Amino acid sequence: MKHYPTNLTDSQWMLLSGILNDNRKRKHSLRDIFNAIFYLIKTGCQWRMIPGCFPNWELVYYYFTRWKNNGVIEQVHELLRDKNTQESREI
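Under full-length UniProt numbering, read the sequence shown as residues 1 to 91, first letter to last.
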């Protein structure tokens with residue numbers, strides 16, 4: 001996987017993986033799917049133009065839609081925002 005500035009750090013991923021509670025074996029990791037979503041949101045690219053190093057756009061779109069509808073995306077946003085706020089206070 002190519003590294004992009006939008007990729008989750010290890011500490012961010014540890015935080016998110018706790019709320020997903022998913023241990024299924026998969027062809028693509030959920031971390032890779034989140035990284036693709038964050039890339040898309042930050043760059044504003046079209047779904048079909050997500051770089052090939054990420055899972056295919058249909059899979060990323062499926063998870064984004066599913067997580068958006070069941071509140072996971074909002075929960076992820078809040079967790080990462082709170083983590084960043086806490087880290088900036090510690091500096």
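For every residue, glycine included, the Cβ atom is placed at its ideal position computed from N, Cα and C. As the structure is a prediction and not an experimental result, all values here were calculated from the model.
Below 8 Å, can you find three or more Cβ-Cβ pairs linking the stretch 19-37 to the stretch 57-75? yes
What is the rounded straight-line gap between the Cα of Ser17 and the Cα of Arg26? Distance between the alpha carbons of Ser17 and Arg26: 14 Å.
DSSP on Leu8, reduced to helix/strand/coil? coil
Quick one: residues in its chain with C-beta nearer than 8 Å to the C-beta of Leu20, no 5 flanking neighbours on either side, listed in chain order? Take Leu20, set aside five residues on each side of it, and the residues of its chain with a beta-carbon closer than 8 Å to its own are Leu30, Val72, in chain order.
Give me the Cα-Cα distance between Trp13 and Glu87, rounded to the nearest whole angstrom. 15 Å
Thinking Trp47 and Trp57 are a contact (beta carbons under 8 Å), I'd like their distance in whole angstroms, please. Taking C-beta atoms under 8 Å as the contact rule, Trp47 and Trp57 qualify, at a distance of about 5 Å.
Between the beta-carbon of Lys2 and the beta-carbon of Pro51, is there less than 9 Å? yes
DSSP state of Asp22, grouped into three classes? coil
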